[in-house]
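Notes follow once the structure below has been shown.
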Amino acid sequence: MAAASSCAELAGRNKPDNTAFTQQRLPAWQPLLSAGTALPLFFCAGLACLALGLGLHFSSATIQRFAGPVCLYYQLSNYYQNHRRYGVSRDDRQLSGDASGLSSPATECSPFRTDPQGLPIAPCGAIANSLFNDTFTLYHLANGTFHPVPLDNRGISWWTDSNIKFSNPELVNGSLEAAFKGTAKPLNWPQAAYMLDTGNPNNTGFINEDFIVWMRTAALPTFRKLYRRVREGNFSSGLPQGTYCLDITYNYPVLSFQGTKKVIFSTVSWMGGKNPFLGIVYLVFGSACILTGFVMLAVHIKFQKQNQMDVE
Amino acid sequence: PVNLFEQFQRVANAYFLFLLILQLIPEISSLSWFTTIVPLMVVFTITAVKDATDDCFRHKSDNQVNNRQAEVLIDGRLQNEKWMNVKPGDVIKLENNTFVAADLLLLSSSEPHGLCYIETAELDGETNLKVRQALPVTSELGPDIRRLAEFDGVVVCEPPNNKLDKFTGVLFWKDNRYSLNNEKVLLRGCVLRNTDWCFGMVIFAGPDTKLMQNSGRTKFKRTSIDRLMNTLALWIFGFLVCMGIILAIGNSIWEHQVGAHFRIYLFWNEVVNSSVFSGFLTFWSYIIILNSVVPISLYVSVEVIRLGHSYFINWDRKMYCPQKDTPAEVRTTTLNEELGQIEYIFSDKTGTITQNIMTFNKCSINGKTYGDVYDDLGRKTEINEKTVPVDFSFNPLADRKFQFYDHSLIESIKLGDAMVHEFFRLLSLCHTVMSEEKNAGELIYQVQSPDEGALVTAARNFGFIFKSRTPETITVEEMGKLVTYQLLAILDFNNIRKRMSVIVQTPDGQIKLYCKGADTILFERLHPSNEELMSLTSDHLEEFAGEGLRTLALAYKNLTEEHFKEWFKILQEANTSVDSRNDYLAAAYEEIEKDMMLLGATAIEDKLQEGVTETIASLSLANIKIWVLTGDKQETAMNIGYSCHMLTDTMNEIFIVASHTGMEVREELRKAKEHLFGQSKDLSNSHVFCEKMQESKQDSVLEETVTGDYALVINGHSLALALEGDLENEFVEVACMCKTVICCRVTPLQKAQVVELVKKHRKAVTLAIGDGANDISMIKSAHIGIGISGEEGMQAVLASDYSFAQFRYLKRLLLVHGRWSYFRMCKFLCYFFYKNFAFTLVHFWFGFFCGFSAQTVYDQWFITLFNIVYASLPVLAMGLFDQDVNEQNSMDYAKLYEPGQLNLLFNKRKFFICIAHGLYTSFALFFIPYGAFYNTAGEDGKHIADYQSFAVTVATSLVIVVSVQIALDTSYWTAINRFFILGSIAVYFAILFTMHSDGIFVIFPNHFPFVGNARNSLSQISVWLVILLTTVVSVMPVITFQFLKEDLNPTLTDQVRKLQKARRKQKPLQNYMRRVYRTNSRRSAYAFSHQEGFGELITSGKNM
């Protein structure tokens, strides 16, 4: 064609680039869901789930035997720590020891921001105000007398919480009390924050571990929080069989909201605390997978021939 | 800023602004302000950038037309002026082969008598030249610029309208009145031909021109997916409100029943102090939280994907035409997926299906055919590049572009075969072509119909060179020697006669009549002695016609001088008769054109664009109906119909509707309908049955009952009647049952009407393709308009949504790009809705456990970033790159196109499936961690069931689940997909750890309260077990369903994919697209783009 040749030198100016990208020819892996891949996948997944489920179930079931350090939890039910109005009612800046946070807490804390006299509350907010304040003491009956079981309150909170997220305001003249000067205690508290653990300066004020544990609000309306650990002396490898007595100082009212309080002694395993749920779901789902695998296999064998004929 | 304002005008954006304001109210704000503002900013930025580029682009192409130069007479001088500045009253000078810039009153021209020639292909698709003549008074002005500048006539005329063939007006000049008609007016869009220059006064400019009046309104086009998306967005919004109400009521009840006991801790504050009011506020809070089911990023993502697809089309080398150096171009980037849903194509003929080039292809002389090429063994072979064309170098005046491959013809000429000589003599004498010899040896023919041009050029190359003519003579160079014939009479062509003749006297005094015309007409007028030759030629004609060639029969007759003189008297009498002159003339012509001797027949190829036949064949395989709408004549249109195999002899019936009254049209349509039903078994039943049914149903029922191929040919006049009132339904019904519909002689506006009609009655997606200004209205009114680019005229391209250089690219555009676009878009939408429901509904479940307090499950930052960072790129990559089957198979298995037409891949049902899937996933996402975290503790005995750990676990599970899901959905894993999917997960963890890091907490303690959370939670084995379980539980059922679906009820796509995979293992695919040869045949009519009146012009000597 004459036209073609005369325009040949023109060609190319507007010609699109010939790359795999522009021509949509990028090398690609095109997986196909075939019986060859899907069925083994199902059987493997099923078996894996079954195995995991069995493992979980077994370890969850062994937890009751109190081998190893025992943890002491308190459990509250029907308690909505996850309520939005409750959950936002805190000032992380204040809790991180910021001086300005201490003198003017965040508005989210309202109405637990200032006390009736107008003094800023430290720590402010509804969460801090409702700090769980029951205390428990455990006694072991040995040789006819009750000996207190040493309860360890160290390391019950997350390291990041007690070291980074929470810290006391800078000491004024070496005194925490002076640092808290000009603030009021939360309304429900019997004493100010710096009095939380008067014996231990590393566990008082905002860095009191009970306080930190409480401030880590629960996700669900029924929750457990770690109270103490039993890991000292004779009890380092668990609570030996015997008679125990738990002394509860009942400060925290729950009946008003139809809540319950529980104290739980539990050990932990590699997968955490006792919870049969995961194990059971894994078992159920593993079985379901294998069953489905068989059904699919049956279907596939039945219809394979027909399909092949269709294609041809 | 203006752009920002515009963006807020979009309902969706205003909605998000409203949400933003809601969030600023602290009592309601369940999320920080940044969760909405950040995505909103991102969306606005992207939209603004896109709008800006679009605007730029549009500006550029508009400028191209607006800034075309026209020579305008200002202050007595010719000055170049941009088109957009041309005003009515200006006098413009036009030069040869330029576009007319506005509707002009022709004042004077370079040709005598103020004649000028125009081509109106842009306007009506007709390819022949038309003559316009200036008023004698104005044509005297000539090229005298001074006098033209003084021209001060006043034109009073009709208001701007869209009738292309009518103009009435009056010119008042120098105290005289001159009436004006269409013959004096040049319309915008015409091209000046064969006329060196002409002057005209602008009557209408810009939007008032007839062309623009005809182009219809520009409408904002939306795709059906767009509309569906809007409906769905409304539904989702309704759903959102429902959830909000449920949760708000729950909140009220909870505050009343449970919360009341918590007042010590869960105080009322100053604003919120009653459970009902709290419920009311909670409603708004939940609206904010749950609004991510209609995410801001949806619309912008859809736009981005479309833009990407548009670029792929622009970049496609297989839609690039090297001859014209034009790649395909997407001019409206928002319609791509609609390309995968086309059901009706409305195509222009001239310039779109055909190249508008006529070539002399074959002939039959005295019972012998020439033009076929035979190989050594005497078999017919196809002409290809290797075939040696006839060498015309012996002839210095030969047109070099002309190619002919049969060497036997030139040999017979050289041998001096009398009949062959006579044949070409006829071709060089019997026509109305005018010649011009610019330089020696450079002969230029001014043809008014390309067919004639082809014939005369053929004769010229074979040594019978038409050199020049005067009103009385024709000079021809016959095999090297000049012969001058006396032209005694031209018996002009008209539509009824379908033939034309000339009577010439040879130098040796012999009087001869040469006639060419439609075979059917001519054969009746032959001398009985021609019987044998006639049957032979007739066979050849059928053969030619079968190949889709336009045929003409040629005959001659020797006249005695007495006979001629006698007849000439009759003719003159007829000429002078006052009334019914035409009838007398016709009778006179009839008188002499009889007992002629057959010479042979010619076959002219109206060259189709490359690959038209294949394209049409595979498009109709894809169940796309093609309608040809042309301004051309019925015969020509049908001829093309045959040559591109839209009409075939195997068709059961071709209905031709060409009536002049409504009743007749109705009758013909009814007959056609009866015929259609006659084929189906229960005629009477279905007829009665159908009328009772609703129209849409009726159509589908009927369509199934009709078997066999039918075609409908309707002309413009009948079409106008058929489009009126109640005939409309009947017409659509019949037309839609036919495989092929050809509408001829239609005006531009009618084209649009037909498109509108189908749009209205069939609710189908329509596509219009054309190249000329006459197609603009159709292009604009169809869902998708395509312009053929690369030719001179740009109007169609400017009005179009897509443009490319050749009709055959349509196949690729629809079957590959359209299908992919649709497929990707649907997949994208499905996944997008799924993802957002899975993401959002977790809040709903959580509401039941947090006192309906509008507490979010996730970290606020996660909510902010999820849709714009973590989960956006993989789905975008899928939306851009996914391919189910490769391009070759997309084209080979045209049936793969059907899901798009039936809208199977994304519809309301699919939407609900996606929603259900999302619902299920969100359920698993919430309740598995819920069960696992219920009263549990971490490995070290510390609690892990706190809110923040829960948030991190659910968020991580969500990111992994949606990533696995997209991995399952992606069927075409390019490196980009891999990168985005893995990258998203990596980015998620990177951002997670950053946000939960010590450093950032120290700087902004109030905004990043999750410090250390990722570290603590993700180091727990049980958290990972939860994530694993959630993923497996969410994904396994999906695999099951997919597997069962593919096994039990595989779609064609699945099968092709399997084949494709199998084939790739064996060897690369080789595809043979067999060209279909038609062996069947038909009789052609005199399909000639010819016009009456030129004979008269020549004999009157006006144009010499």
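Residue numbers (full-length UniProt numbering), protein chains in the order written: chain A, 1 to 312; chain B, 1 to 1104.
Just so it is clear, CB atoms sit at the ideal spot from N, CA and C, and this is done for glycine as well.
Values in this document were obtained by computation on a predicted structure and should not be read as measured data.
- The C-alpha of Asn168 of chain A lies about 52 Å from the C-alpha of Lys50 of chain B.
- Of the candidates B:Leu554, B:Trp197 and B:Cys157, the residue whose Cα lies closest to the Cα of Asn182 of chain B is B:Cys157.
- Secondary structure note for Thr473 of chain B: its beta strand (DSSP E) is the uninterrupted segment Thr473 to Glu478.
- Using a CB distance below 7 Å, the part of the stretch 1012-1025 of chain B facing chain A consists of Gly1012, Arg1015, Asn1016, Gln1020, Ile1021, Ser1022 and Leu1025, ordered along the chain.
- Against chain B, the CB of Arg154 of chain A has no partner CB under 8 Å away; the residue lies outside that interface.
- Going by beta carbons, Asn97 of chain B and Arg188 of chain B fall outside the 8 Å limit.
- Listed along the chain, the chain A residues whose CB falls inside 8 Å of the CB of Cys850 of chain B are Tyr80, Asn82, His83, Arg84 and Pro221.
- Residue environment analysis places Leu119 of chain A among the exposed positions, since fewer than 16 neighbouring C-beta atoms fall within 10 angstroms of its C-beta.
- Annotation: Tyr265 of chain B is outside any beta strand (DSSP E) and is labelled neither H nor E by DSSP.
- Of the candidates A:Leu138, A:Ser59 and A:Leu196, the residue whose Cα lies closest to the Cα of Pro150 of chain A is A:Leu138.
- For Phe42 of chain A, no beta strand (DSSP E) segment is defined; the enclosing uninterrupted segment is the alpha helix (DSSP H) at Ala35 to Thr62.
- The Cβ of Ser59 of chain A sits no closer than 8 Å to any Cβ of chain B.
- Three or more pairs of CB atoms, one per stretch, sit closer than 8 Å, so the stretch 170-185 of chain A contacts the stretch 193-202 of chain A.
- Here DSSP, grouped into helix, strand and coil, assigns Phe1041 of chain B to helix.
- Approximately 31 Å separates the beta-carbon atoms of Phe277 of chain A and Ala248 of chain B; this is outside 8 Å, ruling out the contact.
- The stretch 537-555 of chain B makes contact with the stretch 604-613 of chain B, as at least three CB pairs between them are under 8 Å.
- With a threshold of 16 other beta carbon atoms within 10 Å, Ala61 of chain A falls short and is exposed.
- C-alpha of Cys363 of chain B to C-alpha of Phe424 of chain B: approximately 11 Å in a straight line.
- Distance between Gly259 of chain B and Thr260 of chain A, taken at the CA atoms: about 16 Å.
- Taking one beta carbon from each stretch, the stretch 561-574 of chain B and the stretch 328-338 of chain B have fewer than 3 pairs nearer than 8 Å; the two do not touch.
- By the criterion of at least three beta-carbon pairs nearer than 8 Å, the stretch 830-843 of chain B is in contact with the stretch 919-932 of chain B.
- When Cβ-Cβ separations below 8 Å define contact, Ser853 of chain B makes contact with chain A.
- When only Cα atoms are considered, Arg84 of chain A and Thr1040 of chain B end up about 39 Å apart.
- Interface annotation, Leu19 of chain B: not in contact with chain A, CB-CB separation never under 8 Å.
- Straight-line measurement puts the Cα of His996 of chain B at about 56 Å from the Cα of Ser781 of chain B.
- Sequence-distant Cβ neighbours of Val213 of chain A in its own chain, meaning closer than 7 Å and more than five residues away, are Ile156, Ser157, Lys225 and Leu226.
- Taking a Cβ-Cβ threshold of 7 Å, the residues of chain B close to Arg229 of chain A are Gly941, in chain order.
- Val1011 of chain B is not bridged by DSSP to any residue.
- For a Cβ distance threshold of 7 Å, residue set Met1036 of chain B lies close to Cys289 of chain A, ordered along the chain.
- Assignment of Asp134 of chain A by DSSP, reduced to helix, strand and coil, places it in the coil class.
- A direct Cα-Cα distance of roughly 44 Å separates Val1032 of chain B from Leu810 of chain B.
- In this structure, the beta-carbon distance from Gly600 of chain B to Ile365 of chain B falls below 8 Å.
- A distance of 8 Å or more separates the beta carbons of Tyr265 of chain B and Ala854 of chain B.
- When the five nearest sequence neighbours on each side are left out, the beta carbons in the same chain lying within less than 7 Å of the beta carbon of Asp595 of chain B are those of His527 and Lys557, in order along the chain.
- Taking 8 Å as the CB threshold, Tyr710 of chain B stays off the interface with chain A.
- For Val299 of chain A, the chain B residues whose C-beta falls within less than 9 Å of its own C-beta are Phe1043, Leu1044, Asp1047 and Leu1048, listed in chain order.
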